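Contents: one structure, followed by commentary.
Numbering (our numbering), first residue to last: 1487 to 1696.
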């Protein structure tokens, strides 16, 4: 009972803090003219290159003319299953079995939608297909130490974790629960577990022991 009361008090104090923070920020924004604010990002000729490539695929296959983003967005909402079927192919999802249906549009609204029903794939296989020197993870903790991990490094770490789990007898269908903060090691462990075909679940320490 006492623990619950303390938790409720902490939540109340946090809400009050957020309210004061929002009020102070709104006051600062009201008085600031924003005339000296530097431009954070400005589009160039390569902006939207991937979207344009995808748009061209849709135009050619479905014989439609899409002038820009809003046309593509409108088409995606009016042709939901076709859009997500094309997106599956466009992003290069690796699967041992392709989906039977993208989505049942006639399912009741109170049912959770089942996407790509019938498909079989490995979560880690899709995430570990990139093995270059581009940044995959940026870890920034309370100790103010920022660590960066490339896709190549993540792949090697996942291999080590997978080998260790296999050594201890982990196999497809087994369940692994992780009680760890959001660190790169948790990502490596998740990759190692799911690459075997085991089931991964995580419980953050901030949730408490109960």
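Glycine included, every Cβ here is placed at the ideal spot set by N, Cα and C. Since we're looking at a predicted model, the values are computed, not measured.
Nearest-angstrom beta carbon gap, residue j and residue i [assumed within contact, 8 angstroms]
i	j	result
residue 1613	residue 1666	That pair is no contact at about 18 angstroms.
residue 1660	residue 1689	Rounded, the Cβ-Cβ distance is 17 angstroms, inconsistent with contact.
residue 1687	residue 1672	The pair is not a contact, with the Cβ atoms about 12 angstroms apart (cut-off 8 angstroms).
residue 1576	residue 1543	7 angstroms
residue 1566	residue 1598	Contact doesn't hold; Cβ gap of about 16 angstroms is too wide.
residue 1621	residue 1632	Rounded, the Cβ-Cβ distance is 11 angstroms, inconsistent with contact.
residue 1538	residue 1545	Actually they are not in contact, since the Cβ atoms of residue 1538 and residue 1545 sit about 10 angstroms apart, beyond 8 angstroms.
residue 1603	residue 1587	5 angstroms
residue 1681	residue 1596	Contact flag wrong, Cβ pair sits at about 35 angstroms.
residue 1558	residue 1541	5 angstroms
Counterpart residues of residue i in DSSP-defined beta bridges
i	result
residue 1661	1685
residue 1635	1623
residue 1603	1587
Residue i - containing alpha helix (DSSP H), residue span
i	result
residue 1564	1555–1564
residue 1592	Run containing residue 1592: none; DSSP gives neither H nor E here.
residue 1609	1609–1613
residue 1546	1535–1548
Sub-7 angstroms separation of residue i and residue j beta-carbons
i	j	result
residue 1610	residue 1585	no
residue 1638	residue 1669	no
residue 1574	residue 1589	no
residue 1479	residue 1674	In the structure displayed, the chain extends from 1487 to 1696; residue 1479 sits before or after that span and is not available.
Count the C-beta pairs between the segment 1648–1663 and the segment 1576–1584 that are closer than 8 angstroms, then say yes if the count reaches three, no if not. no
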